[in-house]
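Reviewing the structure listed below.
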């Protein structure tokens, strides 16, 4: 019953958002000219496209995020049964966190966490 | 599945979606009034008494403004970005328990749209998709300010999502369930999770500010350096989507904080009042909305009090303070649970 309700909710939300998009595209006025449709760059003529390379620092954080996010996925089922399984679960997660903590420490010492 | 069930869920879904939209609309007014109050001025007071019609005027204006799309933008993604952001903002409210239940004619109607047994995982998954809306919109605009705003938003949101996830994990450890309805039901009366998880609550609160891109974490739309951030090129209702989504996210975050840490629809001495089930449910929903209002106020209070972080400070706070603290919090919670189990 619950997943059906979710699907129903999703449909209502999609209709609401899609309706607003379509409605506003009907009622909104439009006047086009070459200057206006240029990309905004504080008034000066646009310099090239914007789909360029950007700071590599963002990739470092993305990679670190992946490591930790996968770990969080493992933690959710563990946390749900932790009380029932007891001591074994706790010791196992300590080992898990030790490995993870070493990883974080390594990134820290390599100055990967400093934003430049 | 019978028709009455579909009608009941459909009505509930529509009501909750419309409530979120209206709350978001009026949150903009309250925020502006609040800003006026903090800065010793009036705030909007022209449209209707005390500016009460201002959100309606703003909404109408957004619909009737010119739709503008830069020539070099990616047409499909340009529309998809804000729509996705808005959709994601609306979807989270499906699993939040807005009240316990109402009994009409012997049938019990739950005030939660879907009490799925992985409610927390659902919220978390939906939150993660939220990054895409901003990233797609900012990238599709083909504008340098928008691109910088979007990658800032992405890297900020993923960084704070980690600490947030680990803060929630301590709640799951304590309650032994991933269902939001169950978690709220366990905090009966005054037995709120915040008494057991003060550090977890603090971590969750800070991360909620960062996830909603609110000040002091509003670097993605930092107007002093990025013009408008990821929505620089947006106008009309598409801009409206981004702005509304921010307020809906704020509302949902306040609701999540209230239900995870402050007992949701539970309030102290609820068993001593001797009220009927229905009256108690309604009173509970009222209590829930009072809590949400308080946290909504907190969001605004912080925004007009604290200055914006610098980007390196933001990253340092996320990775070097919040994540280690969250890990320590998980270990301490586990230790305490083990000691309690063996005693």
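Chains as they are written, first to last, in the numbering used here: chain A, 1 to 116; chain B, 1 to 343.
The beta carbon of each residue, even a glycine, is placed where N, CA and C say it ideally should be.
Could you check what DSSP says for residue i in three-state terms: helix, strand or coil?
i, result
"residue 221 (chain B)", "helix"
"residue 321 (chain B)", "helix"
"residue 291 (chain B)", "helix"
"residue 87 (chain A)", "helix"
"residue 108 (chain A)", "helix"
"residue 349 (chain B)", "Residue 349 (chain B) lies beyond the range of chain B shown here (1 to 343); nothing can be said about it."
"residue 72 (chain A)", "helix"
"residue 202 (chain B)", "helix"
"residue 90 (chain B)", "helix"
"residue 113 (chain A)", "coil"
"residue 284 (chain B)", "helix"
"residue 67 (chain A)", "helix"
"residue 68 (chain B)", "coil"
"residue 313 (chain B)", "helix"
"residue 56 (chain A)", "coil"
"residue 212 (chain B)", "coil"
"residue 61 (chain B)", "helix"
"residue 307 (chain B)", "coil"
"residue 114 (chain B)", "coil"
"residue 32 (chain A)", "coil"
"residue 189 (chain B)", "coil"
Could you please give the first and the last residue of the uninterrupted beta strand (DSSP E) stretch that includes residue i?
i, result
"residue 107 (chain B)", "107-110"
"residue 103 (chain B)", "101-104"
Verify the CB distance criterion: does residue i have a CB-CB separation below 8 Å to chain A?
i, result
"residue 224 (chain B)", "no"
"residue 142 (chain B)", "yes"
"residue 172 (chain B)", "yes"
"residue 58 (chain B)", "no"
"residue 319 (chain B)", "yes"
"residue 115 (chain B)", "yes"
"residue 271 (chain B)", "no"
"residue 2 (chain B)", "no"
"residue 71 (chain B)", "yes"
"residue 83 (chain B)", "yes"
"residue 351 (chain B)", "No answer is possible for residue 351 (chain B): the residues shown for chain B start at 1 and end at 343."
"residue 27 (chain B)", "no"
"residue 7 (chain B)", "no"
"residue 255 (chain B)", "no"
"residue 94 (chain B)", "yes"
"residue 91 (chain B)", "yes"
"residue 13 (chain B)", "yes"
"residue 334 (chain B)", "yes"
"residue 111 (chain B)", "no"
Chain B beta carbons: is any one of them nearer than 8 Å to that of residue i?
i, result
"residue 110 (chain A)", "no"
"residue 98 (chain A)", "no"
"residue 93 (chain A)", "yes"
"residue 63 (chain A)", "no"
"residue 49 (chain A)", "yes"
"residue 33 (chain A)", "no"
"residue 90 (chain A)", "yes"
"residue 74 (chain A)", "no"
"residue 58 (chain A)", "yes"
"residue 106 (chain A)", "no"
The alpha helix (DSSP H) that contains residue i, what's its start and end?
i, result
"residue 14 (chain B)", "3-38"
"residue 249 (chain B)", "236-261"
"residue 136 (chain B)", "119-140"
"residue 175 (chain B)", "144-175"
"residue 185 (chain B)", "180-186"
"residue 18 (chain A)", "2-27"
"residue 139 (chain A)", "Look at the range of chain A in this structure, 1 to 116, and you will see that residue 139 (chain A) is not part of it."
"residue 41 (chain B)", "Unbroken run through residue 41 (chain B): none, as it is neither H nor E."
"residue 271 (chain B)", "No alpha helix (DSSP H) holds residue 271 (chain B); DSSP gives it neither H nor E."
"residue 230 (chain B)", "Per DSSP, residue 230 (chain B) belongs to no alpha helix (DSSP H) and is neither H nor E."
Chain B partners of residue i, CB-CB under 9 Å?
i, result
"residue 101 (chain A)", "324 and 327"
Along chain A, which residues have their Cβ under 9 Å away from the Cβ of residue i?
i, result
"residue 341 (chain B)", "83, 86 and 87"
"residue 65 (chain B)", "24, 28 and 29"
"residue 49 (chain B)", "Within 9 Å Cβ-Cβ: nothing; residue 49 (chain B) doesn't reach chain A, min ~28 Å."
"residue 135 (chain B)", "By Cβ distance, chain A contributes nothing, its closest Cβ being about 11 Å from residue 135 (chain B), past 9 Å."
"residue 260 (chain B)", "Here the premise fails: no neighbours, minimum Cβ distance about 14 Å."
"residue 169 (chain B)", "72, 75, 76, 78 and 79"
Find the residues of chain A that neighbour residue i, judging by a C-beta separation of less than 8 Å, and give them in chain order.
i, result
"residue 166 (chain B)", "72 and 75"
"residue 79 (chain B)", "21"
So residue i contacts chain A; which residues on that side make the cut at Cβ distance below 7 Å?
i, result
"residue 34 (chain B)", "Near residue 34 (chain B) there are no residues of chain A at all, since even the closest Cβ is about 27 Å away, more than 7 Å."
"residue 17 (chain B)", "12, 13 and 16"
Any residues in the segment 11-28 of chain A with a beta carbon nearer than 8 Å to a beta carbon of chain B? Which ones, in chain order? Going along the segment 11-28 of chain A in chain order, one finds 12, 13, 14, 16, 17, 18, 20, 21, 23, 24, 25, 27 and 28 with a Cβ nearer than 8 Å to chain B.
Counting only Cβ-Cβ distances shorter than 7 Å, please list the residues of the segment 137-162 of chain B near chain A, keeping chain order. 142, 143, 144, 147, 151, 155, 158, 159 and 162
Under 7 Å, CB to CB, which of the residues in the segment 229-251 of chain B have a partner in chain A? 232, 233, 236 and 237
Against chain A, which members of the segment 287-313 of chain B pass a CB distance test of less than 8 Å? 311 and 312
What residues in the segment 175-203 of chain B bring their beta carbon closer than 8 Å to a beta carbon of chain A? Of all residues in the segment 175-203 of chain B, only 176, 177 and 178 place a beta-carbon less than 8 Å from a beta-carbon of chain A.
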